[in-house]
Amino acid sequence: MLNEDKRNFRRMQLNARAKLTTLEPIADQQFDVVCVDLSATGLSVHLDELLELGTIVKVNIDSTSPAIAPLDATARVVRASKESDGTVTAGLEIMQFN
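If you read the sequence shown in the UniProt record's numbering, its first letter stands for residue 1, the second for the next number, and so on.
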């Protein structure tokens with residue numbers, strides 16, 4: 001079966017712990033999340049609370065290897081939905097790598 005994904009960049013499956021810190025519209029709210037996948041332009045995360053569309057967050061994913069730098073980026077929430085198990089899946093568009 002052909003891959004019908006129209007994305008410009010392939011997504012890597014991660015399942016890595018990450019931290020989100022809100023910047024706008026309300027600053028300094030922190031969320032422990034699981035980064036499900038990552039591409040050059042965005043990522044998907046699972047968390048416990050619904051984030052408002054357009055929220056700007058700082059994303060930090062620590063590295064498990066000293067040879068690889070941690071991911072530190074600014075991103076915008078472009079989609080968010082509550083799943084049947086009560087968790088939230090959010091799609092983030094990376095605006096800038098810090």
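Cβ atoms here follow ideal geometry from the backbone N, Cα and C, with glycine treated the same way.
Computed from a predicted model, the values in this text were never measured in an experiment.
For the beta strand (DSSP E) that Thr63 lies in, which residues bound it at each end?
The residue labelled residue 63 in the question sits at position 63 within the sequence shown. Just to set this straight, residue 63 is Ser in the shown sequence, not Thr. Taken as a continuous stretch (DSSP letters only), Ser63 belongs to no beta strand (DSSP E), as it is neither H nor E.
Own chain partners of Leu53 with C-beta closer than 6 Å, once the 5 adjacent residues on each side are dropped
In the sequence shown, residue 53 corresponds to position 53, counting from 1. Correct list, in chain order: Val77.
Give the single residue among Arg10, Leu20, Val36 whose Cα lies nearest to the Cα of Glu49.
Translated into the one-based positions of the sequence shown, residue 49 becomes position 49. Residue Leu20 is the option with its Cα nearest to Glu49.
Val45 to Ala80, Cα distance in whole Å?
One-based indexing of the sequence shown puts residue 45 at position 45. One-based indexing of the sequence shown puts residue 80 at position 80. Val45 and Ala80: Cα-Cα distance of roughly 9 Å.
Proximity below 8 Å, CB of Glu24 to CB of Thr55:
On the sequence shown, position 24 is the one that residue 24 refers to. On the sequence shown, position 55 is the one that residue 55 refers to. Yes, these two residues count as a Cβ contact at 8 Å.
Using 10 angstroms around the beta-carbon of Ala18, count the other beta-carbons present and answer buried if the total reaches 16, otherwise exposed.
Within the sequence shown, the letter at position 18 stands for residue 18. Classification for Ala18: buried.
Nearest-angstrom beta carbon gap, Leu14 and Asp37 [assumed within contact, 8 Å]:
Counting from 1 along the sequence shown, the entry for residue 37 is found at position 37. Counting from 1 along the sequence shown, the entry for residue 14 is found at position 14. Asp37 to Leu14, Cβ: 6 Å. Contact.
Going by the CB atoms, is the gap between Thr22 and Val59 shorter than 8 Å?
Sequence index remark: in the sequence shown, residue 59 carries index 59 (1-based). Sequence index remark: in the sequence shown, residue 22 carries index 22 (1-based). No; because the gap between Cβ atoms is not below 8 Å, this pair is not in contact.
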